[in-house]
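Positions -17 to -1, 1 to 157 (mature numbering (1 follows the signal peptide of the UniProt record, and there is no 0)) are the ones given, in order, by the sequence shown.
We put the beta carbon where it would ideally sit given N, CA and C, even for glycine.
Worksheet for the structure shown next.
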Amino acid sequence: MIRLALMLIFLAGGLAAQDAPEAEPPMDYERLGKILFALDPDAQPQGPGFELTLSDIPVLVVTDVSTDRMRAMVAIRNANELSKEELHRMMQANFDTALDARYAIANGIVWATFIHPLSSLKKDQLISGLAQTVNIATTYGTSYSGGAIQFGGGDSNELQRQLIEDLLKKGEEI
């Protein structure tokens, strides 16, 4: 009886292992490049990273193997001309609508960024992060949205609802 139970446990474990999804290999420069070239066949290696275009937006992806980091970036505008209100709105979006992407300022430029440890980065996380980065770049000045769900508790929902109400009021005049 004990042998039968052990055999069933062994067989069940073997079947479960066959049904389990295959684990992704760790992300590295080569695997990252293969994914990026699948997204944009015209992507170009550039030093420790890549330049590619997604939805007509130039994206720079940089890796640093020694610190196990990667960063995707889209330049948005000159930061020196940023108003206090625009900076405030970007920080609100970083809290609730930018999702995994973020607004940042470096070297006098406003950037849309996605930053993640390189080795633990999954393919779908990379693709989602790239899409969110492009989305917050293209929605800068309007909805400041990563393009997916909105994390609750912030100010963006109220601001976006206010826009809808304002437009509805304008529509009443027509």
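The Cβ-Cβ distance between residue 45 and residue 73 does not fall below 9 Å. Counting C-beta atoms within 10 angstroms of its own C-beta, residue 63 has fewer than 16 neighbours from the protein chains shown and is therefore classed as exposed. Listed in chain order, the alpha helix (DSSP H) elements of length 4 or more contained wholly in the region 43 to 85 are 67 to 79. For residue 96, the enclosing beta strand (DSSP E) covers residues 92 to 100.
In the structure shown, the three-state DSSP call for residue 89 is strand. Residue state for residue 13 is assigned as helix, using DSSP reduced to three classes. Inclusion of residue 128 and residue 76 in the CB contact set at 9 Å is warranted, their separation being smaller than that value. Minimum Cα-Cα distance from residue 32 among the listed residues 101, 124, 40, 120 corresponds to 101. Put simply, the backbone Cα of residue 13 is about 18 Å away from that of residue 98. Contact between residue 55 and residue 121 is ruled out by a C-beta separation of about 14 Å, above the 8 Å threshold. A Cβ-Cβ contact shorter than 9 Å links residue 35 with residue 25.
For the options 40, 118, 38, the alpha carbon positioned closest to that of residue 84 is the one of 118.
Only buried fits residue 114, as 16 or more other CB atoms lie within 10 angstroms of its CB.
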